[in-house]
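Chemist:
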Amino acid sequence: MSSEAHGDHGGHGDHAQAHGSFRGYLTGFLLSVVLTAIPFWLVMNNVLDNKQATALVIMAFAVVQIVVHMVFFLHMNGRSEGGWTMLALIFTIILVVIALTGSLWVMYHLNTNMMPGHDMSQMP
1 MSSEAHGDHG GHGDHAQAHG SFRGYLTGFL LSVVLTAIPF WLVMNNVLDN
51 KQATALVIMA FAVVQIVVHM VFFLHMNGRS EGGWTMLALI FTIILVVIAL
101 TGSLWVMYHL NTNMMPGHDM SQMP
C-alpha cells in the first residue's frame with residue numbers, strides 16, 4: 001500500500017498552515033522588546049503627569065503587543081486553517097467583553113443600590 005492510503009500526505013512542508021521564518025520571529029521579537037521598553041520608559045521617567053493617561057497608553061501598548069504575538073508567534077491570520085482560528089478568536093473576544101461588561105455593570109449597580117446611604121462616622 002502506498003503512504004497516501006495510510007493518511008501520510010508527504011513531508012512537513014505540504015501543510016497549508018504558515019510556518020514562521022527566522023526573519024518573522026526576529027521581527028516579532030524586536031517589536032515585542034520595543035513595545036515593552038516604551039511603557040517601561042514612560043513609567044520610570046514619569047513622562048506623562050496624568051496617571052490615568054499613562055495607564056491608558058500602557059494598555060494600548062499591551063493590546064498592540066498581543067496582536068504582535070498572535071501574528072508573529074501564533075501565526076494567526078485570515079488564511080490559517082481556513083480562517084477558523086481568527087473566527088474563534090473574534091468569538092472569544094466578544095464573549096469576554098460581554099462577560100466583563102456584564103460583571104462590572106452588576107457590581108456597580110449592586111454597590112449603588114445595596115449600600116446604605118448614611119454616614120458611617122456618626123455611628124456610636
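Going by the UniProt record's numbering, the first residue of the sequence shown is number 1, and it counts up by one from there. Backbone N, C-alpha and C define an ideal beta-carbon position, used for all residues, glycine too. Since this is a predicted model, take the numbers as computed values, not measurements.
Would you tell me roughly how many angstroms separate the C-alpha atoms of residue 59 and residue 115, rounded to the nearest one?
Modeler: Distance between the alpha carbons of residue 59 and residue 115: 31 angstroms.
Chemist: Find the nearest neighbour of residue 57 within the set 78, 68 and 35, judged by alpha-carbon distance.
Modeler: Here the closest residue by C-alpha is 35.
Chemist: Please state whether the Cβ-Cβ distance between residue 72 and residue 102 is less than 8 angstroms.
Modeler: Their beta carbons are not under 8 angstroms apart, which means residue 72 does not touch residue 102 by this criterion.
Chemist: According to the neighbour-count rule (16 or more other Cβ atoms, all chains shown, within 10 Å of its Cβ), is residue 13 buried or exposed?
Modeler: At residue 13, the pLDDT of 47 sits below 50, so the modelled position is not reliable and the matter cannot be decided from this model.
Chemist: Excluding sequence positions up to five away, which residues of its chain have a Cβ less than 7 angstroms from the Cβ of residue 76?
Modeler: Excluding sequence neighbours, residue 76 sits near 70, 85, 86 and 89.
Chemist: Would you tell me roughly how many angstroms separate the C-alpha atoms of residue 44 and residue 110, rounded to the nearest one?
Modeler: Their backbone Cα atoms lie some 37 angstroms apart in a straight line.
Chemist: Which parts of the region 27-78 are runs of the alpha helix (DSSP H), unbroken and 4 residues or longer, counting only runs that do not cross its ends?
Modeler: Whole alpha helix (DSSP H) segments, 4+ residues: 51-72.
Chemist: So for residue 115, helix, strand or coil by DSSP?
Modeler: If DSSP states are grouped into helix, strand and coil, residue 115 belongs with coil.
Chemist: Among residues of its own chain, excluding the 5 on either side of residue 106, which ones have a beta-carbon nearer than 6 angstroms to its beta-carbon?
Modeler: Once the five neighbours on either side are set aside, residue 106 has no close Cβ partner at all.
Chemist: Return helix, strand or coil for residue 179, following the three-state DSSP convention.
Modeler: Absent from the structure is residue 179, since the part of the chain shown begins at 1 and ends at 124.
Chemist: What would DSSP say about residue 106, mapped onto helix, strand or coil?
Modeler: Note: residue 106 maps to helix in three-state DSSP.
Chemist: Between the C-alpha atoms of residue 112 and residue 99, what's the straight-line distance to the nearest angstrom?
Modeler: About 20 angstroms.
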